[in-house]
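Protein chains in written order, with our numbering: chain A, -9 to 437; chain B, 98 to 255. Below: the structure, in structure tokens.
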Amino acid sequence: MPEPRVFRVDDPPVTRSSSPPPAVLVAFLAALCAGIAGTLASGAMAWIAIGAVALGGAYFASRTAAQPPRIGTDLGRVRRLMLLLDRGGSTDAKRPPEFTDEWAELYDKVNRLAMEAKSGAGSGPTLEKFRNQAEQAAALLREGKDPLVEVPELRAGPLLPLLEGVKGSASLPLVSHMSLGDEEELIGAGEALPPDWPKPSAHAASGPGLDLPELETGLQDLVKEIESLRGTLAGSANGEASSGADDPALRTPAQLVDAVVLTAADGIEDLAAGLMRANELASVAERVTNRATLLALNAALEATRSGSEAFAAIAEETRRLAEFAREATDTISRLSSEIEYKVGETITAIHATSEHAKTSLAQLGGTAPVPVSPSARKARVQIVRLLDRTRELLRRLGFSEGARSRTSESPNSTQDDVENAAPPADKSPTEGMLLIEGLKPGAHLES
Amino acid sequence: MNLGTRGALTFRLGDYCFAVRVEEAGGVLDADRLAQLPGVCDPVAGVAAFRGEMVPVVDLAQYLGIESAATHRYALVLYRGPDRFALLVPEIPKLIPGRDLREAPPTDTDSELGDLFESVLENDQDQFHCLNYWRIFETIIPPASPSPGRNPSTERGN
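In structure tokens:
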């Protein structure tokens, strides 16, 4: 990309390729016309007329030779107006000397619009429209085209006299493309720039159109959300200290171990109670089995004593039934005893493990992660959202990544505060994906 | 070999196995809850209800001086005519048919029992001592002398 040409006030004036006629030639032509007229009409009046014509021609010729080219002066005014527009107007009531007549009126209008846009008095759309027209015209001039022919809108705009003046000088650079030092020199070394006025950039000059009311609304919403976030953080700091004991997320690791052990012990105790009930039922079944066994024995005894085959067969079936019931009862009792024994072992192991875990946690000391309240997590998510929204607003304001990095160097920058917010120590993987996007480790969150 | 019995109810008491011929056994019942009697000697454990009658229960282990740690006991009812009493045994007796039993010679232990010893039966695994259980009962509770107007044969119903 070629470097823009540096423009200076003391540069030789730019002239057209066809120079104006010299004064001698004009005077000669005027005298020739006077001679012809004198030849045609003799007399004193005729000679007077001849002399007047000759004097007028000489005067005209002298004026033509003394004045600088008009196109060079107009181009300088245009450049000063563009610079004035870029700088947001000038507070100096003294108007530059080269702005006279319609140029003075245009200078005042541009200065007023720039000042109103800077103060946010509602002239943003007008100024933006003016800027767009100027940029459009400059682009056409760079391409060697006539803006008044290419864009009919410019013929009804405030730039009409300027464009008529610069017609034919499309190859010259515009003020916006000049280097910063030359702009200072052009507008005057003694004029101080507003400290908070943003520096113009190439991205801003060629970026999308700005909608200042919408941006203002977005910034106001941003401020409200930041206030809400501040309130949330304050509430989490004040109110959740007392409710932390009831919140499982805020318990210490030792308390969590105790809670797990208590829960497991409660469950196993319920299981042990169920086993006791099962044992009671098993003892009842054992008594029934004993009764059945006694019944079978008495039946067999009577059958043996009486010698009845039929009675003996019934007694034998009864005995088998009682024996089967006894085997089942014995199995139930054995399994119940085994389960009860294992439950006791499990309870002992859980208590031993919990003690070991608590001892290990105590040895670890402060390396354990600090629990974070749900409201703090919610606040962090809000910070990420605000960060994204701020970036979107900054992008729409025309700040590139380089400009944002310059802005973040400011000590009072809200974006800097948000970007430097500390990441959570116990963020989940999903939270981490969100927070890594905009948070830098090791910084602090002032808001 | 004719043993004179169709079978025997056997049970273990300490290190010994005892047998009761089925012709003497009236039945077996659960002795979990026995009714205690006042003023009786130690071998009498109480009374039990057997088929609508009150039956005195004698602790055989205590009578013979044999240690028994059983927590659940059963009563083996013996009868002789109209008289019945029960032996307190630590386990449910087993019925062994007469075809599986045979007579065995007495041992030194049987000689120590004196007139309580009756016979020894055995199968393929164990030897069972048959005692004169009624003599044990009569040593504890002597039979009352028959009253003048009482006919024992009529009371037994035989």
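Every residue gets a Cβ at the ideal spot worked out from N, C-alpha and C, and that includes glycine.
Starting from the Cα of residue i, find the closest Cα among the options and give me that residue.
i, options, result
"Ala315(A)", "Ala272(A), Thr253(A), Leu252(A)", "Ala272(A)"
"Ile322(A)", "Glu133(A), Ala268(A), Arg85(A)", "Ala268(A)"
"Glu259(A)", "Asp98(A), Glu140(A), Thr338(A)", "Thr338(A)"
"Ala158(B)", "Val137(B), Asp112(B), Lys191(B)", "Asp112(B)"
"Thr283(A)", "Leu192(B), Cys114(B), Arg199(B)", "Leu192(B)"
"Asp223(B)", "Asp205(B), Asp197(B), Val144(B)", "Asp197(B)"
"Ala132(B)", "Glu120(B), Gly101(B), Ser165(B), Ala172(B)", "Ala172(B)"
"Val251(A)", "Glu140(A), Lys348(A), Arg281(A), Ile304(A)", "Lys348(A)"
"Ala254(A)", "Ala318(A), Lys214(A), Thr343(A)", "Thr343(A)"
"Val247(A)", "Glu317(A), Leu351(A), Pro364(A), Glu270(A)", "Leu351(A)"
"His341(A)", "Val371(A), Val274(A), Gly78(A), Ala249(A)", "Ala249(A)"
"Lys214(A)", "Ile329(A), Gln372(A), Pro86(A), Leu19(A)", "Gln372(A)"
"Pro179(B)", "Leu161(B), Ile233(B), Tyr160(B), Glu150(B)", "Glu150(B)"
"Ile237(B)", "Thr206(B), Leu210(B), Tyr160(B), Thr168(B)", "Tyr160(B)"
"Arg103(B)", "Asp64(A), Lys119(A), Ser296(A), Lys368(A)", "Ser296(A)"
"Ile233(B)", "Gly136(B), Cys114(B), Arg181(B)", "Arg181(B)"
"Leu210(B)", "Val137(B), Ser242(B), Gly162(B)", "Gly162(B)"
Tell me whether residue i sits in a helix, a strand or coil according to DSSP, three-state version.
i, result
"Arg107(B)", "Looking at the sequence shown, residue 107(B) is not Arg but Thr. The answer is strand: DSSP assigns Thr107(B) an E or B state."
"Pro153(B)", "strand"
"Leu184(B)", "strand"
"Ile193(B)", "strand"
"Leu210(B)", "coil"
"Phe301(A)", "helix"
"Glu235(B)", "helix"
"Gly162(B)", "coil"
"Ala179(A)", "Reliability fails at Ala179(A), whose pLDDT of 40 lies under 50, so the model's placement of it is uncertain and the value that follows must be treated cautiously. In the structure shown, Ala179(A) sits in coil (DSSP, three-state: anything other than H, G, I, E or B)."
"Ser242(B)", "coil"
"Leu100(B)", "coil"
"Asp127(B)", "strand"
"Glu307(A)", "helix"
"Ala192(A)", "Residue placement at Ala192(A) cannot be trusted, given a pLDDT of 42 that sits under 50; the coordinates are not used to answer."
"Leu173(B)", "strand"
"Gln224(B)", "strand"
"Arg77(A)", "coil"
"Leu130(A)", "helix"
"Ala146(B)", "strand"
"Leu376(A)", "helix"
"Ser8(A)", "Confidence is the limiting factor: at Ser8(A) the pLDDT is only 43, short of 50, which leaves the residue's position unreliable, though a coordinate-based value still follows. If DSSP states are grouped into helix, strand and coil, Ser8(A) belongs with coil."
"Leu198(B)", "coil"
"Glu92(A)", "helix"
"Ala107(A)", "helix"
What residues in its chain sit with their C-beta under 6 Å from that of residue i, if we drop five residues either side in the sequence?
i, result
"Gly124(B)", "Val174"
"Ser216(B)", "Cys227"
"Ala286(A)", "Thr308, Arg309, Ala312"
"Gly101(B)", "none"
"Ala201(B)", "Val217, Glu219, Gln224"
"Trp93(A)", "Arg67"
"Ala275(A)", "Thr319"
"Trp231(B)", "Arg177"
"Ala142(B)", "Leu131, Val154, Asp156, Leu185"
Hey, would you say residue i sits closer than 8 Å to residue j, going by beta carbons?
i, j, result
"Leu213(B)", "Leu228(B)", "yes"
"Ala124(A)", "Met72(A)", "yes"
"Pro187(B)", "Ser165(B)", "yes"
"Leu106(B)", "Ala122(B)", "yes"
"Leu134(B)", "Val144(B)", "yes"
"Val152(B)", "Ala183(B)", "yes"
"Leu126(B)", "Phe147(B)", "yes"
"Lys108(A)", "Gly147(A)", "no"
"Ala290(A)", "Ala305(A)", "yes"
"Arg70(A)", "Pro87(A)", "no"
Who are the near neighbours of residue i in its chain, counting only those whose CB is closer than 8 Å to its CB and skipping five residues on each side?
i, result
"Val333(A)", "Ile258, Leu261, Ala262, Leu265"
"Leu74(A)", "Ser80, Tyr97, Val100, Asn101, Ala104, Ile177"
"Leu130(A)", "Asp136, Pro137, Glu140, Val141, Ala160"
"Arg199(B)", "Met98, Leu100, Leu218, Glu219, Asn220"
What I want to know is whether the C-beta of residue i ends up closer than 7 Å to one or more non-hydrogen atoms of the ligand PLP.
i, result
"Tyr331(A)", "With respect to the ligand PLP, the structure offers nothing, as it holds no ligand at all."
Using a Cβ-Cβ cutoff of less than 7 Å, which residues in the same chain neighbour residue i once the five nearest sequence positions on both sides are dropped?
i, result
"Ser327(A)", "none"
"Arg444(A)", "Outside the displayed span of chain A (-9 to 437) sits residue 444(A), for which this structure offers no information."
For the segment 139 to 152 of chain B, list every residue whose C-beta sits within 7 Å of some C-beta in chain A, in sequence order.
none
Name the residues in the segment 185 to 201 of chain B whose C-beta lies less than 9 Å from a C-beta of chain A; which are they?
Within the segment 185 to 201 of chain B, contact with chain A at the beta-carbon level (separation under 9 Å) is assigned to Ile189, Pro190, Lys191, Leu192, Pro194, Gly195.
Along the segment 112 to 136 of chain B, where does the CB come closer than 8 Å to a CB of chain E? Name the residues.
The chain inventory of the structure shown lacks chain E, comprising the protein chains A and B.
Of the residues that make up the segment 256 to 276 of chain A, which ones have a beta carbon closer than 9 Å to any beta carbon in chain B?
none
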